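Enquirer:
Protein chains: 2
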Amino acid sequence: MTATGIPPTHADILDKRCFASVATLRPDGRLSCNPVSILWDGETIRFSTREGTKKVRNLLADPRIALSILDPDDPTRYIEIRGTAAITDDDDRRFVDQIARKYMDVDEYPYDPPGAKRLVVTVDIEQVSAPSIPSPSDP
Amino acid sequence: MTATGIPPTHADILDKRCFASVATLRPDGRLSCNPVSILWDGETIRFSTREGTKKVRNLLADPRIALSILDPDDPTRYIEIRGTAAITDDDDRRFVDQIARKYMDVDEYPYDPPGAKRLVVTVDIEQVSAPSIPSPSDP
Chain A
79 MTATGIPPTH
89 ADILDKRCFA
99 SVATLRPDGR
109 LSCNPVSILW
119 DGETIRFSTR
129 EGTKKVRNLL
139 ADPRIALSIL
149 DPDDPTRYIE
159 IRGTAAITDD
169 DDRRFVDQIA
179 RKYMDVDEYP
189 YDPPGAKRLV
199 VTVDIEQVSA
209 PSIPSPSDP
Chain B
79 MTATGIPPTH
89 ADILDKRCFA
99 SVATLRPDGR
109 LSCNPVSILW
119 DGETIRFSTR
129 EGTKKVRNLL
139 ADPRIALSIL
149 DPDDPTRYIE
159 IRGTAAITDD
169 DDRRFVDQIA
179 RKYMDVDEYP
189 YDPPGAKRLV
199 VTVDIEQVSA
209 PSIPSPSDP
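Protein sequences, first through last, are from chains A and B.
Going by the numbering used here, the first residue of the first sequence is number 79, and it counts up by one from there.
Going by the numbering used here, the first residue of the second sequence is number 79, and it counts up by one from there.
(1) Just the C-alpha distance for residue 164 of chain A and residue 180 of chain B, rounded to the nearest angstrom, thanks.
(2) Whose CA, out of A:202, A:200, A:196 and A:205, lies closest to the CA of residue 130 of chain A?
(3) 8 angstroms is my cut-off, CB to CB: does residue 97 of chain B come that close to chain A?
(4) Return the CA-CA distance between residue 208 of chain A and residue 101 of chain B, expressed in angstroms with no decimal places.
(5) Starting from residue 110 of chain A, find everything on chain B with Cβ-Cβ shorter than 8 angstroms and list it in chain order.
(6) Return the CA-CA distance between residue 91 of chain A and residue 162 of chain A, expressed in angstroms with no decimal places.
(7) Given that a residue counts as buried once 16 or more other Cβ atoms are within 10 Å of its Cβ, and exposed if not, what is residue 113 of chain A?
(8) For residue 141 of chain B and chain A, any beta-carbon pair shorter than 8 angstroms?
(9) Out of B:144, B:136 and B:132, state which residue places its alpha-carbon closest to the alpha-carbon of residue 124 of chain B.
(10) Could you name the residues that DSSP lists as bridge partners for residue 221 of chain B?
(11) May I ask you to list the residues that DSSP assigns as paired with residue 112 of chain B?
(12) With a threshold of 8 angstroms between beta-carbons, can residue 148 of chain A be considered close to chain B, or not?
(13) By the three-class DSSP mapping on this structure, what secondary structure does residue 216 of chain B have?
(14) I'd like the span of the alpha helix (DSSP H) that includes residue 135 of chain A, first residue to last.
(15) What's the C-alpha gap between residue 186 of chain B and residue 174 of chain B?
(16) Just checking: is the beta-carbon of residue 205 of chain A within a distance shorter than 8 angstroms of some beta-carbon in chain B?
(17) Can you list the residues of chain A that residue 153 of chain B reaches, using a CB-CB cut of under 8 angstroms?
(18) What is the DSSP secondary structure of residue 184 of chain B, reduced to helix, strand or coil?
(19) Could you give the DSSP three-state label for residue 178 of chain A: helix, strand or coil?
(20) Out of A:167, A:107 and A:177, which has the shortest C-alpha to C-alpha gap to residue 93 of chain A?
(21) Name the residue from B:126, B:83, B:110 and B:118 whose alpha carbon lies nearest to the alpha carbon of residue 171 of chain B.
(22) Taking 8 angstroms as the cut-off, decide whether the C-beta atoms of residue 146 of chain B and residue 89 of chain B are in contact.
(23) Does the Cβ-Cβ distance between residue 157 of chain A and residue 206 of chain A come in under 8 angstroms?
(24) Give the secondary structure of residue 172 of chain A by DSSP, where H, G and I count as helix, E and B as strand, and everything else as coil.
(25) Let me know the secondary structure DSSP gives residue 194 of chain B once reduced to three states.
In structure tokens form, the structure reads like this:
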């Protein structure tokens with residue numbers, strides 16, 4: 079295990095163009111679950127979002143978060159991460175442009191409307207699971 | 079919208095060999111998120127699990143659930159479902175074998191240890207979102 083708890087056997091998944099499903103709690107008490115693109119630098123898992131999204135609303139009210147990240151090349155492998163989220167500004171768009179480079183091979187994230195304010199969500203990893211799935215079905 | 083709230087424009091995703099990420103709440107207060115295979119019959123979304131899994135423990139204590147289901151062929155399309163879960167027996171293994179036929183092209187789910195007790199989780203759909211993702215990055 080690394081200092082962050084990501085097993086070295088599974089860290090390669092995080093370097094791929096994987097989708098993470100992010101679970102948050104809504105103010106109405108319901109759970110929410112949505113796909114995001116992530117960046118892993120060997121120590122932290124981060125994703126980009128915009129000011130005003132429901133994800134931001136949810137995480138500002140309750141920072142609990144969980145991520146499920148399936149290996150896009152092998153559906154018997156996944157990582158589950160449980161923890162809390164911290165939100166910081168991405169005013170110079172440096173982070174969202176890193177996401178664009180990883181996922182889209184472009185230097186600047188091209189889809190925001192003018193004036194959109196980008197934020198960085200950093201996951202404080204508390205627990206990690208990486209069970210193997212014996213098949214595409216539920217383990 | 080169908081009676082269940084699944085938009086007809088996106089219902090095709092549920093018929094594919096898609097993976098749903100399932101968010102639940104753990105007794106320790108943390109969120110959990112894990113991949114499952116699902117079956118959609120036009121009215122209900124169900125998945126299979128085994129007695130004794132953490133998913134079952136979580137849902138028996140708190141039935142709130144959310145699912146994120148990405149189109150395996152088009153990462154700009156996904157469905158988010160929020161609701162509650164009901165757990166029933168699958169003593170004759172009829173349901174898990176349906177999952178095996180959909181996902182594995184085999185008539186019997188082959189991976190359980192002897193004596194494993196299968197359960198069916200049925201999602202009571204309260205809310206559905208199906209926003210388009212402008213790119214592989216966070217919308």
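Cβ coordinates follow ideal geometry from the N, Cα and C atoms, glycine included.
Given the structure is predicted, the values throughout are model-derived calculations rather than measurements.
Expert: Put simply:
(1) 40 angstroms
(2) A:196
(3) yes
(4) 16 angstroms
(5) 101, 144, 158 and 160
(6) 21 angstroms
(7) buried
(8) no
(9) B:144
(10) What the structure shows of chain B is the stretch from 79 to 217, and residue 221 of chain B is not part of that stretch, so it cannot be assessed.
(11) B:100
(12) yes
(13) Confidence in residue 216 of chain B is poor, its pLDDT being 45 and thus under 50, which makes the residue's placement too unreliable to answer from.
(14) 132-139
(15) 8 angstroms
(16) yes
(17) 97 and 113
(18) coil
(19) helix
(20) A:177
(21) B:126
(22) no
(23) yes
(24) helix
(25) coil
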